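Down below is the structure, laid out as structure tokens.
In full-length UniProt numbering, the protein residues as written are 1 to 356.
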């Protein structure tokens, strides 16, 4: 746990928690009572504030609106059977956040503000963490340039914030994905490994075109040859071939997903052979046809594990076998959920109990 953090706290007069229906949660639409705000002014972090969740207003010349210095993280909190709130691997998100900040030429956020702020915000809004299978509280730390200046340079001031939103299952049915061979998500030497806002904005148009063709999301390929898989939508992608778990190795074009890393470690602990390497489109399509590829799924904070129903490539859909209780994706997801919710012993040291 972090050292005691000095935070100015202003609580809501009345909670809005009656807006939450744990049995009908639409991702990213309802937010908890409070949010955290911390400003970095000329390199010096000011005292963080926890205040009622609400609108913020800014000058039209705000630097981030014009030049896109904006980064974020996605995390989750859960409740165990004792109604204690658990965070999952928050230090990994903290480290990755500052890697993104460095790439985008932004201020580094101190651990006591990032982690300490999360802990205190979760203690205050603990009642918002929903129970139930596939339910969690989604945590969104983010930071943006707050200079009022139209010159093109790195901002001298930044605002760091944390908001939280109850979350349920992301996809109601297994998605059908399309192999993207025209547009690219990231190029070598770019910002593909950073969680910056521009990465997601650039993906929207290709995804829209795919959705108009009946697909849920995209399978991104490499920027140079379009021969090798990289990511899927906002997720890392994994393949089960001949009983092995295979995933593209991370690089400057692939985000180092924390869910990805977690699933690989769990798979190894189960005795599953794991390969991190280049994965060609040809290998996977032919593997689906000959039966050696039995599962393809996305892995990420929001979706956790999302098996694909079919892959579209060059005008043809390649259906994948139906997922069962014995499927590797099912076993990995169940094992991960059991650890995150405290149902089994956490032998990896991943779970943080904020009440401890």
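By construction, the Cβ of each residue, glycine as well, lies at the ideal position given by its N, Cα and C atoms. Predicted, not measured: the structure shown is a model, and the values here were computed from it.
For residue i versus residue j, is the C-beta spacing smaller than 8 Å?
| i | j | result |
| --- | --- | --- |
| residue 207 | residue 233 | yes |
| residue 272 | residue 245 | yes |
| residue 79 | residue 85 | yes |
| residue 90 | residue 352 | yes |
| residue 279 | residue 239 | yes |
| residue 27 | residue 167 | yes |
| residue 320 | residue 283 | no |
| residue 299 | residue 305 | yes |
| residue 361 | residue 51 | Nothing about residue 361 can be read from this structure; the chain reaches only from 1 to 356. |
| residue 194 | residue 100 | yes |
| residue 39 | residue 146 | yes |
| residue 323 | residue 175 | no |
| residue 144 | residue 250 | no |
| residue 253 | residue 230 | yes |
| residue 184 | residue 154 | no |
| residue 138 | residue 303 | no |
| residue 350 | residue 142 | no |
| residue 5 | residue 116 | yes |
| residue 8 | residue 32 | no |
In the DSSP assignment, find the alpha helix (DSSP H) that holds residue i and state where it starts and stops.
| i | result |
| --- | --- |
| residue 94 | 90-103 |
| residue 261 | 258-269 |
| residue 210 | 197-212 |
| residue 230 | Run containing residue 230: none in the alpha helix (DSSP H); it sits in the beta strand (DSSP E), 229-232. |
| residue 115 | 111-124 |
| residue 221 | Careful: residue 221 lies outside any alpha helix (DSSP H), inside the beta strand (DSSP E) at 217-221. |
| residue 65 | 63-67 |
Would residue i be called buried (16 or more neighbouring beta carbons within 10 Å of its own) or exposed?
| i | result |
| --- | --- |
| residue 186 | buried |
| residue 180 | buried |
| residue 199 | buried |
| residue 18 | exposed |
| residue 348 | exposed |
| residue 236 | buried |
| residue 1 | Residue confidence is low: residue 1 scores 45 on pLDDT, short of 50, so the model does not pin down where it sits. No coordinate-derived value is stated. |
| residue 104 | buried |
| residue 34 | buried |
| residue 10 | exposed |
| residue 339 | buried |
| residue 343 | exposed |
| residue 270 | exposed |
| residue 54 | exposed |
| residue 22 | exposed |
| residue 243 | exposed |
| residue 268 | exposed |
| residue 43 | exposed |
| residue 150 | exposed |
| residue 248 | buried |
| residue 264 | buried |
| residue 81 | exposed |
| residue 41 | exposed |
| residue 414 | Outside the shown range of the chain (1 to 356) lies residue 414, about which nothing can therefore be said. |
| residue 213 | exposed |
| residue 113 | buried |
| residue 345 | exposed |
| residue 107 | buried |
| residue 148 | exposed |
Would a check of beta-carbon distances place residue i closer than 8 Å to chain B?
| i | result |
| --- | --- |
| residue 75 | The structure shown contains no chain B, having only a single protein chain. |
Would you give the residue range spanned by the beta strand (DSSP E) that residue i belongs to?
| i | result |
| --- | --- |
| residue 138 | 136-145 |
| residue 34 | 34-41 |
| residue 236 | 235-241 |
| residue 274 | 274-276 |
| residue 31 | Where residue 31 is concerned, there is no enclosing beta strand (DSSP E), given that its DSSP letter is neither H nor E. |
| residue 245 | 244-247 |
| residue 51 | 49-52 |
| residue 70 | 70-72 |
| residue 27 | Segment: none, residue 27 is in no beta strand (DSSP E) and carries neither H nor E. |
| residue 79 | 75-79 |
Quick one: is the Cβ of residue i within less than 7 Å of any heavy atom of the ligand NAD?
| i | result |
| --- | --- |
| residue 68 | The ligand NAD is not part of this structure, which contains no ligands at all. |
**Request:** Just list the beta strand (DSSP E) runs in the region 278-353, keeping only unbroken ones of 3 residues or longer that don't cross its boundaries, in chain order.
**Result:** Listed in chain order, the complete beta strand (DSSP E) runs (minimum 3 residues) inside the region 278-353 are 293-300, 304-307, 310-313, 316-319 and 351-353.
**Message:** Is it the case that the region 58-73 contacts the region 119-133, given that we only count it when at least three CB pairs across the two stretches are under 8 Å?
**Reply:** Because the criterion of three Cβ pairs below 8 Å is not met, the region 119-133 and the region 58-73 do not touch.
**Request:** May I have a chain-ordered list of the alpha helix (DSSP H) segments no shorter than 4 residues that lie completely inside the region 159-201?
**Result:** For the region 159-201, not a single whole alpha helix (DSSP H) run of length 4 or above is found.
**Prompt:** Would you say the region 53-70 touches the region 307-314, given that touching needs at least three Cβ pairs under 8 Å?
**Reply:** Segments in contact, no.
**Message:** Taking contact to mean 3 or more Cβ pairs, one atom from each stretch, closer than 8 Å, check whether the region 124-131 and the region 91-105 are in contact.
**Reply:** No, because fewer than three Cβ pairs between the region 124-131 and the region 91-105 fall closer than 8 Å, the two stretches do not touch.
**Inter-stretch contact at 8 Å, needing at least 3 Cβ pairs: the region 203-219 / the region 246-264** = Contact between the region 203-219 and the region 246-264 is not established, with fewer than three Cβ pairs separated by less than 8 Å.
**Prompt:** With a cut-off of 8 Å, do at least 3 Cβ pairs link the region 152-168 to the region 324-333?
**Reply:** Touching, no, given that fewer than three Cβ pairs across the two stretches are closer than 8 Å.
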